[in-house]
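As they're listed, the protein sequences go chains A and B. No gaps in the numbering here: position 170 of the first sequence is 170 in this note's numbering, and each next residue is one more. No gaps in the numbering here: position 25 of the second sequence is 25 in this note's numbering, and each next residue is one more. Heads up, the beta-carbon is just placed ideally off N, CA and C, and yes, glycines get one too.
Protein chains: 2
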Amino acid sequence: MADLPDSPDVFLSESEVLDLVMRFLVGHGLSREQAAPVASSLAKAQKDGCRSHGLQRLPGVLDTIAHPRFDKRAEPELKDVTDAVAQVDARFGFSLPAVERGLPSLVAKAKALGISMLAINNGFHFTALWPVVEEIAGHGLAALSMNPSHGWVAPFGGGKGILGTNPMAFAWPRKNQLPYVFDFATSAAARADIALYKQQGKPLPEGWGLDADGRPSTDPTAVLAGAMLPFGGHKGSALATMIELMSSAMIGDRSSRQSQAFDAGAKAAPCHGELIVAFNPALLAGGSVTDDSEALLDEIARQGARLPGSRRYRERQASEKQGIRVPGLLYSRILALMPD
Amino acid sequence: MADLPDSPDVFLSESEVLDLVMRFLVGHGLSREQAAPVASSLAKAQKDGCRSHGLQRLPGVLDTIAHPRFDKRAEPELKDVTDAVAQVDARFGFSLPAVERGLPSLVAKAKALGISMLAINNGFHFTALWPVVEEIAGHGLAALSMNPSHGWVAPFGGGKGILGTNPMAFAWPRKNQLPYVFDFATSAAARADIALYKQQGKPLPEGWGLDADGRPSTDPTAVLAGAMLPFGGHKGSALATMIELMSSAMIGDRSSRQSQAFDAGAKAAPCHGELIVAFNPALLAGGSVTDDSEALLDEIARQGARLPGSRRYRERQASEKQGIRVPGLLYSRILALMPD
Chain A
1 MADLPDSPDV FLSESEVLDL VMRFLVGHGL SREQAAPVAS SLAKAQKDGC
51 RSHGLQRLPG VLDTIAHPRF DKRAEPELKD VTDAVAQVDA RFGFSLPAVE
101 RGLPSLVAKA KALGISMLAI NNGFHFTALW PVVEEIAGHG LAALSMNPSH
151 GWVAPFGGGK GILGTNPMAF AWPRKNQLPY VFDFATSAAA RADIALYKQQ
201 GKPLPEGWGL DADGRPSTDP TAVLAGAMLP FGGHKGSALA TMIELMSSAM
251 IGDRSSRQSQ AFDAGAKAAP CHGELIVAFN PALLAGGSVT DDSEALLDEI
301 ARQGARLPGS RRYRERQASE KQGIRVPGLL YSRILALMPD
Chain B
1 MADLPDSPDV FLSESEVLDL VMRFLVGHGL SREQAAPVAS SLAKAQKDGC
51 RSHGLQRLPG VLDTIAHPRF DKRAEPELKD VTDAVAQVDA RFGFSLPAVE
101 RGLPSLVAKA KALGISMLAI NNGFHFTALW PVVEEIAGHG LAALSMNPSH
151 GWVAPFGGGK GILGTNPMAF AWPRKNQLPY VFDFATSAAA RADIALYKQQ
201 GKPLPEGWGL DADGRPSTDP TAVLAGAMLP FGGHKGSALA TMIELMSSAM
251 IGDRSSRQSQ AFDAGAKAAP CHGELIVAFN PALLAGGSVT DDSEALLDEI
301 ARQGARLPGS RRYRERQASE KQGIRVPGLL YSRILALMPD
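Structure (structure tokens):
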């Protein structure tokens, strides 16, 4: 049914989605240890209605694992650097298995010392950051995560792409509620969004990009060949630069443009580092001031403002009732790429 | 000469500026320990051509020290919380003497463990964040600093001010160059800028604020009575919320709206907490990847993009040659408010 031209959506249980992705990845030669964290992340994204980082990413994995440096059976190596810092070398597998290897150490250190840091190196990265920071918040910790990508984004006032889309995610544990979580690229738009405008033959909104000569352009083809722009003018540009420095130079890994050079046109997921910082809010809270944070977050939602994460949480509830929606065409495409 | 109607600018040496501010503050009853870090910060800002946080702020100090809870002779109290965390109670003096009290501990902890955190509580805050993060970068560390303010800023999509202008500053140590430093408010514009538009009878740019009914407005008077907006849409709003949580609830101090309630119309500087995180980039750098950060920052500047901090550094050089420029009217006003 799913392979008809007007393929209707299919609805799968979470274990069916996990099974689908595991069959795909293991069938294509990945170790179960490499595949499982990726399957879990894609299933979470699909369940939360976050299409950009859900099953849609699965076919592209084939380009990544075809990269000459990708190791399908990589075993991440954890190094206990100091009482506050851990580092995991992903050894040219996916970045997520390395993150999972390091998380218990990050959490234990933050609980003991109030703050801790986890550096991931040499990981091919294409999964969303929010499932990881949400998981850390489940331990009662606040978490901040960031990474470079490829050098597609021009600095504000500049003309050539040298910064990455450099996402940043944050989670804050709430009392008796799912955590406050955001995850955004510091580029004005996602590269996939620009590709979508191109597909639909529509001009881009102003401020998304520059052509190859560094001039503002609303032509998606010109912008994909030129440079993307950061969100929020010089402030977003400064933030993107901070993320670039903190998650490449600071942890001894590739900058966005080095990651792009490393890709050498393979169209694999970017291979680089990732920084996660965890904080223990229980350590310093409880001064003489009444904690206003729950009332503040409730008030943001009450004003009708978008509380980051809330749409995903609504979709998550819906998926729990009706199953996880997978577009029929995507489902067919995954089945068609499934190894025998 | 400076008190003539067309008061020409005066040019002072750094020690003359420091002396001017010290006479002002000590003359108004502040202990030398409270006054000195504030004098140093105002002199640095004036020297760097950062007028918003320079001597222009000095007259307003009189409102702050008149707040019933302000302690002109407060002695900050340092608490060594864990091997990675220090906390200083400013005890209702200025926040900066508390920061200076805690900095050696922050720096030592970051050098030893790779990451550390300093929480400041109960400080009246009006000085720029950049001189502090720049100082930390002078020790070879990266630094991130943030604080709430008063509840003037509506969340993106909301209608009422509940978040602060919530600034964030970052410094990154460079090789043989002054550090990469930014310091920006997460509001679209500074409150002082809106007041300036009002003074000049000019309409505001779109996107700066809302009127008291939560509708977009370009009328500065309406926006000052209504709400300011965050920079960069929902992303800037998320960032402002993160800063609010991390520098109030996480460190057991007042949120922006609690700080505003605490002020009770006194028009003092906001009294709240401040968070500083320091990182030791030497700990994890030096992997197999050549550090691209210096070339990247050089390239940003070469593209003609504004490298944050570079304008201040140029002004600093000029001040070192010609003296620190102080507008004649401001100089007269300070002298007029100088106690006998």
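Considering only R51(B), F156(B), S149(B) and R311(B), the residue with the shortest C-alpha distance to L307(A) is F156(B).
Comparing alpha carbon positions, the residue from A142(B), G151(B), W130(B) and K235(B) closest to S310(B) is W130(B). Of all residues in the region 70-93 of chain A, only V81, T82, D83, A84, V85 and Q87 place a beta-carbon less than 8 Å from a beta-carbon of chain B.
Remark: C-beta atoms of V289(B) and G252(A) approach each other more closely than 8 Å. Per DSSP, H234(A) lies in no beta strand (DSSP E) segment; the continuous alpha helix (DSSP H) that holds it begins and ends at G233 to M246.
The Cβ atoms of A190(A) and W208(A) do not sit closer than 8 Å to each other.
Under DSSP, Y180(A) forms a beta bridge with W172(A). Under the three-state reduction of DSSP output, T218(B) falls in the coil class, being neither helix nor strand. Within the DSSP secondary-structure output, N121(B) pairs in a beta bridge with D89(B). A residue is called buried when at least 16 other Cβ atoms come within 10 angstroms of its Cβ; F11(B) does not meet this threshold and is exposed. DSSP places T64(A) in the helix class (H, G or I) of the three-state scheme. Here DSSP, grouped into helix, strand and coil, assigns K321(B) to helix.
Look at S116(A): its C-beta is under 8 Å from a C-beta on chain B. Bridge pairing for F11(B): R325(B) [DSSP].
Note that the region 278-287 of chain A does not touch the region 257-268 of chain B; fewer than 3 beta-carbon pairs, one per stretch, sit closer than 8 Å.
When Cβ-Cβ separations below 8 Å define contact, N121(B) makes contact with chain A. Contacts with chain A at 8 Å (Cβ-Cβ) include S255(B). Taking CB atoms only, M228(A) has no neighbour in chain B less than 8 Å away.
S15(B) and D83(B) have their C-alpha atoms spaced approximately 37 Å apart. Excluding residues up to 5 positions away in sequence, L78, K79, D80, G102, S105, L106, K109, S116, M117, L118 and A119 lie with their Cβ nearer than 8 Å to the Cβ of A86(B) in the same chain. At a cut-off of 8 Å between beta carbons, F170(B) contacts chain A. In the DSSP assignment, F156(B) falls outside any beta strand (DSSP E), carrying neither H nor E.
Neighbours of T165(A) in chain B, taken as residues whose beta carbon is under 8 Å from its own, are absent, since the nearest beta carbon is some 12 Å off.
By the beta-carbon neighbour count (other beta carbons within 10 angstroms, threshold 16), T221(B) is exposed. Residues of the region 288-318 of chain B with a C-beta atom less than 7 Å from some C-beta of chain A are V289, D291, D292, S293, L296, E299, I300, Q303, G304, A305, R306 and P308, listed in chain order. Ranked by Cα distance from A261(A), the options G287(A), G323(A), S217(A) and H150(A) are led by H150(A).
Burial is judged here by how many other beta carbons sit within 10 angstroms of a residue's own beta carbon; P97(A) has at least 16 and is buried. By DSSP's assignment, E274(B) forms a beta bridge with I120(B).
Looking at the DSSP output, A227(A) bridges to L210(A). It is roughly 8 Å from the alpha-carbon of H139(B) to the alpha-carbon of P173(B). Annotation: R254(A) to L275(A) spans about 13 Å, alpha carbon to alpha carbon. Contacts between A285(B) and chain A, judged by CB atoms closer than 8 Å, involve A249, M250, I251 and G252 in chain order. Under DSSP, the beta-bridge partners assigned to L163(B) are V153(B). Residues of chain A with a Cβ closer than 7 Å to the Cβ of H125(B) do not exist; the shortest Cβ-Cβ separation is about 15 Å. Taking the Cα positions, D213(B) is about 23 Å away from K235(B).
At a cut-off of 8 Å between beta carbons, G60(A) makes no contact with chain B.
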